[in-house]
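A.B. asks: This is the structure I have questions about; it appears just below.
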């Protein structure tokens, strides 16, 4: 057996960058993370990623590194290596990404959508192992989706990445999304949606601010509301119930459309799955007639914040196998 | 070249049965159709299908017939050959289907969901030819969906048939479906939904009955409303606009979730696609930001009412190729 080989796995979200050294057999040697500096400029994400990569390469010298896999908040153009249109990070529109990485480190680079790379991570080394049809939902600032069909990322027409997070669940809701539509899943069930609903509630009931230890509406955030719910606060519990309900409707639609073996929830909001689960299960139980929805396993990821790093490394690995 | 071989293709819906003799290279020798007698009993569908098959076999003697493919209003259990739970035809719950056909005609029988067989028909001999990712929506009494991914029927967990027709588009609508949910696509955009909305309108505005040449609310049906819309009647045009809108929302969700190369609409309501198309296109245009939705071709089927017959024959053909 020769020296182990490593891949640099990059996960660049709208808020955080994570870079890891992952062995080709799926073990993490080290993962470094950094919150992105503000204000964002077109080069902010790329520079942070380069900085973290340099840090790792200086710390672990003489490793055999075969390439770089990068999962970036999408949509991305995998072929041109460009971040196209991240509404969650408008500063990065049409930013070349793989080319500067390649030039800096003289390694081959493969670009993936961050939702797809997180899904690949769970499929490779996480709770998704062995799931023939694995649907992964990343519930963070927005909602990203990815479908791994028998070990391969499902891609749409011209290699496009479907955006299940923007399918409409409640067109009568009156809630507008930047995607142009009303009542899409992300507009109602994402972390940002949850925070927006909470802030609206705080504006209506100013006394609630004190319970959240908030001075102002702008201080109201998800962790504070979750903590209040855990302490039995009724307003917070209602918001949690609503979040579980909206999550449940979207998950039910995924079940109706795909009947996957497993759905894995990841991203910041998935950390509170225990709180949302009763409402999610209730919505799904209400609609058990047309498809055997109760057979679909729904659980959270097992790689925590690092699924994207593992998956980006795996995306590089399988791209090499496919081109071999 | 030997004598051509034929497959008996069966399409059994909730209202009509169609049986055809289809050559293995996809040409129809003859197709017979019959409206199912009422009241429905468990054996109604099966007996009608057997009757039509006998008719064809008596008319075309000495043909080389290799087997039977049957598409039946679902869900069906393909492995046991049983029609499980057709909500659109409750009389047929848990009705064995392939076994009696096999015993009667001494031919191998393959069972498919009717939505899948219609989709296979369009993929084999219709407008879906060559579409790598073909999504077919049958808009009849209900809404059935089928996804043909690179020439194969997409099947969910345990071979289940996804029911895209029951994904929720408007949970605030207050419209209940037999599937147990509120505001699913079928409850708002199926032929039955269209008729229900029209009858509700007629109950509100009794004067409208005269325009439809209807004596009573129960006489109000889709063809009458469509005709009124074609003649410029404002109420009918509003209903057509609403139908196009709801169809558009569901189609948009399919696009967001699958990004297929092509969506084919078939079934009774698809006959009026020209009328619904402006509203459908408007909804899709409103949501063009996240995915390249405008690249997805949306058109009607080209095999008219016979897609299911062709597709059932094709389902038999590919099952033989797979087991060969």
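Chains as they are written, first to last, in the numbering used here: chain D, 2 to 325; chain H, 2 to 325. Glycine is no exception: its CB is placed at the ideal position from the N, C-alpha and C atoms.
#1: Which term fits residue 117/H, buried or exposed, when burial requires 16 or more other beta carbons within 10 angstroms of its beta carbon?
#2: Out of 267/D, 189/D, 102/D, state which residue places its alpha-carbon closest to the alpha-carbon of residue 138/D.
#3: Provide the residue span of the beta strand (DSSP E) that contains residue 119/H, from first to last.
#4: Hey, is residue 164/D's beta-carbon within less than 7 Å of any beta-carbon in chain H?
#5: Take residue 303/D and list the residues in its own chain whose beta-carbon comes closer than 8 Å to its own, dropping the five residues that flank it on each side.
#6: Taking just the CA atoms, how far does residue 164/H sit from residue 144/H?
#7: For residue 49/D and residue 285/D, I'd like the C-alpha separation in whole angstroms.
#8: Kindly indicate which three-state DSSP category residue 217/D falls into: helix, strand or coil?
#9: The stretch 173–196 of chain H: which residues have C-beta closer than 7 Å to a C-beta of chain D, in chain order?
#10: Is it right to say residue 204/D is buried, meaning 16 or more other beta carbons lie within 10 angstroms of its own, or is it exposed?
#11: Is the Cβ-Cβ distance between residue 260/D and residue 226/D less than 7 Å?
#12: Counting only C-beta atoms, is residue 262/D closer than 7 Å to chain H at any point?
#13: When you compare the CB of residue 317/H with every CB in chain D, is at least one pair closer than 7 Å?
#14: Taking the DSSP output, what are the residues bridged to residue 13/D?
#15: How many whole angstroms separate the CB atoms of residue 55/D and residue 34/D, which I take to be in contact at a CB cut-off of 8 Å?
#16: Could you check if residue 133/H is buried or exposed, using at least 16 other CB atoms within 10 Å of its CB as the buried criterion?
#17: Return helix, strand or coil for residue 33/D, following the three-state DSSP convention.
#18: Rounded to the nearest angstrom, how far is the Cβ of residue 8/H from that of residue 25/H, given a contact under 8 Å?
#19: To the nearest angstrom, how far is it from the Cα of residue 313/H to the Cα of residue 279/H?
#20: Taking the DSSP output, what are the residues bridged to residue 298/H?
#21: Using a beta-carbon distance cut-off of less than 8 Å, what residues from the stretch 285–314 of chain D approach chain H?
#22: Comparing the C-beta of residue 161/H with each C-beta of chain D, is any distance below 7 Å?
#23: Check the Cβ of residue 169/H against every Cβ in chain D and list those closer than 7 Å, keeping chain order.
#24: Going by DSSP, what residues sit across from residue 177/D in a beta bridge?
#25: From what residue to what residue does the beta strand (DSSP E) around residue 106/D run?
#26: What does a CB cutoff of less than 7 Å around residue 234/H pick up in its chain, not counting 5 residues either side in sequence?
#27: Kindly indicate if chain H contains any beta-carbon less than 7 Å away from that of residue 81/D.
#28: Measuring CB atoms only, is the stretch 238–254 of chain D touching the stretch 166–175 of chain D, in the sense that at least three cross pairs come out at less than 8 Å?
#29: Is it true that the CB of residue 222/D sits closer than 7 Å to the CB of residue 196/D?
#30: Contact defined as beta carbons within less than 8 Å: I believe residue 61/H pairs with residue 107/H. What is the distance between those atoms, to the nearest angstrom?
#31: On a CA-only basis, which of 244/D, 52/D, 162/D, 201/D is nearest residue 11/D? Give me that one, please.
#32: Could you check how far apart the C-beta atoms of residue 296/H and residue 159/D are, in whole angstroms? I think they sit under 8 Å.
#33: Does the distance from the CB of residue 237/D to the CB of residue 119/D come in under 7 Å?
#34: Would you mind telling me which residues of chain H sit closer than 9 Å to residue 147/D, beta carbon to beta carbon, in chain order?
#35: Buried or exposed: where does residue 39/H fall if 16 or more other Cβ atoms within 10 Å of its Cβ makes it buried?
#36: Just checking my contact of residue 142/H with residue 191/H at CB under 8 Å: how many whole Å lie between their CB atoms?
C.D. replies: Reading it off the structure:
#1: buried
#2: 267/D
#3: Taken as a continuous stretch (DSSP letters only), residue 119/H belongs to no beta strand (DSSP E), being part of the alpha helix (DSSP H) at 115–126.
#4: yes
#5: 123, 127, 128
#6: 9 Å
#7: 41 Å
#8: coil
#9: 173, 174, 180, 181, 182
#10: exposed
#11: no
#12: yes
#13: no
#14: 18/D, 73/D
#15: With a Cβ gap of about 15 Å, residue 55/D and residue 34/D do not count as contacting.
#16: exposed
#17: strand
#18: 6 Å
#19: 33 Å
#20: 263/H
#21: 287, 288, 289, 290, 291, 292, 293, 296, 297
#22: yes
#23: 170, 250, 253, 254
#24: 183/D
#25: No beta strand (DSSP E) holds residue 106/D; the alpha helix (DSSP H) holding it covers 99–106.
#26: 212
#27: no
#28: yes
#29: yes
#30: Going by Cβ atoms, the distance from residue 61/H to residue 107/H rounds to 17 Å, so no, they are not a contact pair.
#31: 52/D
#32: 7 Å
#33: no
#34: Near residue 147/D there are no residues of chain H at all, since even the closest Cβ is about 12 Å away, more than 9 Å.
#35: exposed
#36: 6 Å
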